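Using the working numbering, you'd call the opening residue of the sequence shown number 15 and step up by one each time. Ideal Cβ positions, reconstructed from N, Cα and C, are used throughout, including at glycine. Note that the structure is a prediction, hence the values are computed from the model and not measured. Single-structure report; data block below.
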Amino acid sequence: MRDVVQVHITADLPIRSRTLSYADRVEIRLGKAFPVALIVDGPALAQLGDAIAAGKAELEQAEKKGEG
Numbered sequence: 015m016r017d018v019v020q021v022h023i024t025a026d027l028p029i030r031s032r033t034l035s036y037a038d039r040v041e042i043r044l045g046k047a048f049p050v051a052l053i054v055d056g057p058a059l060a061q062l063g064d065a066i067a068a069g070k071a072e073l074e075q076a077e078k079k080g081e082g
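So this is what it looks like as structure tokens:
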């Protein structure tokens, strides 16, 4: 049994965010009919952004290697 939940995010998947200022968190909702909510504490937002930026940079680097 896997201990990881995977959510496939595509370009056409609706993504909405909502600030939960009373809890110092941001809720990121993915999808419409059966949305998944990611709740991120304020102090962790930078870490999440850094992880996404690092993943994007790695994909761009892999694309460059594939072109050469």
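Beta-carbon gap between Leu27 and Gly45 smaller than 8 Å:
yes
By how many angstroms is the C-alpha of Ala68 removed from the C-alpha of Glu5?
Since the first residue of the chain shown is 15 and the last is 82, residue 5 is not available in this structure.
For Gly33, I'd like the list of residues in its chain whose CB is within less than 6 Å of its CB, leaving aside the five on either flank, ordered along the chain.
Checking the sequence, you will find Thr at residue 33 rather than Gly. Val40.
Please report the Cβ distance between Asp38 and Gly56, rounded to the nearest whole angstrom; I am assuming they are in contact, meaning their Cβ atoms lie under 8 Å.
4 Å
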